[in-house]
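Enquirer: Residues in the sequence shown are numbered consecutively from 11, following our numbering. Cβ coordinates follow ideal geometry from the N, Cα and C atoms, glycine included. Since the model is a prediction, treat every value here as computed from it, not as a measurement. Attaching a single structure in structure tokens format; questions to follow.
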Amino acid sequence: MIDHLNAWSVQRCKDLVDSASRFRIKPLRGGCLLDFGVNCHGGLQAGIALAEICMGGLGQVTIQAGENSRPYVQVTTDQPAIACMASQYGGWPVKCGKYFAIGSGPFRVQRGKEPVLEHYGFRCQNPAVVGVLESAQLPDEHVQAYIAEECGLPISQITLCVAATRSLAGTIQIVARSVEATMHKLFELGVDLHKITSAMGAAPLPPVSGNDLIAIGRTNDAILYGGRVTLWVDLSDDEIDSIGPKSPSNSSADYGKPFGDIFRESGGDFYKLDPMLFSAAEIRFISNQSGRPQVFGQLDERIIDKSFS
């Protein structure tokens with residue numbers, strides 16, 4: 011499966027270039043750079059496409075009507091370890107000069123320098139790769155050259171999809187991480203991610219904001235306080251009893267405040283935050299052995315209402 015992540019994403023990006031006006035995205039630099047929401051509008055379909063590229067084609071993303079008249083971003087996958095941890099996880103902090111972006115997507119397996127990739131051997135060499143950058147700025151040629159060097163490929167063989175958090179497409183691709191955030195939490199807890207066989211998650215889609223800091227707060231609150239995830243697992247009921255209470259976001263000492271406040275207190279550095287915070291608010295485990303569902307955590311509509319207002 012890993013060797014298909016970039017191949018699928020490369021083809022998807024080519025199709026998007028051909029349909030750029032329909033998706034309200036802007037191809038730049040010969041199609042090596044796709045603006046999903048920095049200097050262009052993007053939209054619902056662009057956000058869905060961006061989220062599915064993040065997962066290397068191994069997940070399906072939809073937007074549905076939900077509770078309290080809010081739209082919800084739903085994601086499903088039958089390959090959660092590969093789709094979420096080998097591809098979707100924002101594990102590459104792309105730093106080059108004054109430029110910074112959170113890097114996710116299948117180009118990470120080409121580089122292969124993150125703990126989760128090394129632990130599971132999630133690495134694969136590809137003739138061309140695709141990366142997703144969460145940033146308020148488009149990368150210049152120096153940033154492209156840095157990424158190309160890290161991936162061991164020429165710039166022409168790397169497609170970068172970029173969206174600001176404040177954009178609609180950027181908001182959607184972040185809120186589509188309810189399963190990914192939960193998977194990473196379980197990795198931190200020492201769970202064998204290959205034992206998670208299927209996954210489904212949903213989180214409320216917040217209103218967009220003209221301010222990136224507000225947008226960062228809202229998108230994370232959507233998952234931490236409004237996200238519901240169901241996991242089908244090859245674990246016994248006793249094993250689920252052991253890890254379940256530690257799995258939701260409310261197991262973190264930072265839980266209980268809007269994410270914007272937590273983020274400001276960290277100095278604006280995601281990688282300094284408590285990794286135990288990042289997970290869905292409510293997690294349902296279904297044992298493939300017993301068929302018994304067990305639910306841990308709970309939603310907090312109070313914080314969602316405060317954040318989204």
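(1) What's the call for S97, buried or exposed, on a 16-neighbour Cβ count within 10 Å?
(2) For a test of the three-state rule: what should DSSP assign to E198, helix, strand or coil?
(3) Pull the bridge partners of P81 from the DSSP assignment, please.
(4) Kindly identify the DSSP beta-bridge partner or partners of L143.
(5) I'd like to check one pair, A263 with V239: are the Cβ atoms closer than 8 angstroms?
(6) Pull the bridge partners of C106 from the DSSP assignment, please.
(7) Among residues of its own chain, excluding the 5 on either side of G122, which ones have a beta-carbon nearer than 6 angstroms to its beta-carbon?
(8) Would you mind sorting N49 into buried or exposed? The rule is 16 or more other CB atoms within 10 Å of its CB.
(9) Does the Cβ-Cβ distance between Y265 and S259 come in under 8 angstroms?
(10) I want to see whether chain B comes within less than 8 angstroms of T87, judged by CB atoms only; does it?
(11) Just the C-alpha distance for A17 and R312, rounded to the nearest angstrom, thanks.
(12) Suppose contacts are defined by Cβ-Cβ distances below 8 angstroms. Is I35 in contact with L26 by that definition?
(13) Which whole-angstrom value is the C-beta distance of H194 and M95, which I expect to be below 8 angstroms?
(14) Roughly how many angstroms lie between the CA atoms of A232 and I314, to the nearest whole one?
(15) Distance, Cα to Cα, E151 vs E77?
(16) Tell me the rounded alpha-carbon separation between L196 and A91.
(17) Output the distance between the C-alpha atoms of N136 and E160, rounded to the nearest integer angstrom.
(18) Here's the rule: buried if 16 or more other CB atoms are within 10 angstroms of the residue's CB, otherwise exposed. What is G301?
(19) DSSP three-state label for D244, please.
(20) Do R22 and I63 have their beta-carbon atoms positioned less than 8 angstroms apart in this structure?
(21) Beta carbon of T333, beta carbon of G69: below 8 angstroms?
(22) Looking at the secondary structure, which residues open and close the alpha helix (DSSP H) in which K316 lies?
(23) To the nearest whole angstrom, what separates the beta carbons of S253 and Q304, a pair I think is in contact under 8 angstroms?
(24) When you compare only the Cα positions, how much space is there between I224 and P164?
(25) Could you check which residue in D202, Q167, P214 has the C-alpha nearest to that of S188?
Expert: Concretely, from the data shown:
(1) If you number the sequence shown from 1, residue 97 lands on position 87. That one is buried.
(2) The residue you call residue 198 lines up with position 188 of the sequence shown. Helix, per DSSP.
(3) Position 71 of the sequence shown, counted from the start, is the residue given in the question as residue 81. Note: P81 sits in a beta bridge opposite A75.
(4) Taking the first residue of the sequence shown as position 1, residue 143 is located at position 133. Its beta-bridge partners are G113, V172.
(5) For the purposes of this step, residue 239 is taken as residue 229 along the sequence shown, with counting starting at 1. For the purposes of this step, residue 263 is taken as residue 253 along the sequence shown, with counting starting at 1. Contact: no.
(6) Here residue 106 is taken as the residue at index 96 of the sequence shown, counted from 1. In DSSP, C106 forms a bridge with Y109.
(7) Against the sequence shown, residue 122 aligns to sequence position 112. Closer than 6 angstroms at the Cβ level, and outside the excluded window around G122, lie R133.
(8) Your numbering for residue 49 matches position 39 in the sequence shown. So N49 counts as exposed.
(9) Here residue 265 corresponds to residue number 255 of the sequence shown, with the count starting at 1. Here residue 259 corresponds to residue number 249 of the sequence shown, with the count starting at 1. Yes.
(10) Chain labels in this structure do not include chain B; a single protein chain is all it has.
(11) Position 7 of the sequence shown, counted from the start, is the residue given in the question as residue 17. Position 302 of the sequence shown, counted from the start, is the residue given in the question as residue 312. Spanning the two alpha carbons is a distance of roughly 43 angstroms.
(12) If you number the sequence shown from 1, residue 35 lands on position 25. If you number the sequence shown from 1, residue 26 lands on position 16. Going by C-beta atoms, I35 is nearer than 8 angstroms to L26.
(13) Locating residue 194 in the sequence shown gives position 184, counting from the first residue. Locating residue 95 in the sequence shown gives position 85, counting from the first residue. At roughly 7 angstroms, the Cβ-Cβ gap stays under 8 angstroms, so H194 and M95 are in contact.
(14) Looking up residue 232 in the sequence shown gives position 222. Looking up residue 314 in the sequence shown gives position 304. Spanning the two alpha carbons is a distance of roughly 7 angstroms.
(15) Within the sequence shown, numbered from 1, the residue matching residue 151 stands at position 141. Within the sequence shown, numbered from 1, the residue matching residue 77 stands at position 67. Going by the C-alpha atoms only, they are around 44 angstroms apart.
(16) Position 186 of the sequence shown, counting from 1, holds the residue named residue 196. Position 81 of the sequence shown, counting from 1, holds the residue named residue 91. Looking at the two C-alpha atoms, the distance is approximately 11 angstroms.
(17) Taking the sequence shown and counting its residues from 1, one reaches residue 136 at position 126. Taking the sequence shown and counting its residues from 1, one reaches residue 160 at position 150. Cα-Cα distance, rounded: 13 angstroms.
(18) Working through the sequence shown from its first residue, we reach residue 301 at position 291. The residue in question, G301, is exposed, as its Cβ has fewer than 16 Cβ neighbours within 10 Å.
(19) By 1-based counting over the sequence shown, the position of residue 244 is 234. Coil.
(20) For the purposes of this step, residue 63 is taken as the residue at position 53 of the sequence shown. For the purposes of this step, residue 22 is taken as the residue at position 12 of the sequence shown. Contact: yes.
(21) It is not possible to answer for residue 333, since the shown part of the chain is limited to 11 through 319.
(22) Counting from one through the sequence shown, the residue named residue 316 turns up at place 306. 311-318 is the span of the alpha helix (DSSP H), which, as asked, contains K316.
(23) Reading the sequence shown from its first residue, position 243 is the one you call residue 253. Reading the sequence shown from its first residue, position 294 is the one you call residue 304. According to the sequence provided, residue 253 is Ile. The question's Ser does not apply to it. With 8 angstroms as the limit, I253 and Q304 do not qualify as a contact, their Cβ atoms being about 10 angstroms apart.
(24) Residue 224 sits at position 214 when you count from the first residue of the sequence shown. Residue 164 sits at position 154 when you count from the first residue of the sequence shown. The straight-line gap from Cα to Cα measures roughly 36 angstroms.
(25) For this step, residue 188 is matched to residue 178 along the sequence shown. The residue with the shortest Cα to Cα distance from S188 is P214.
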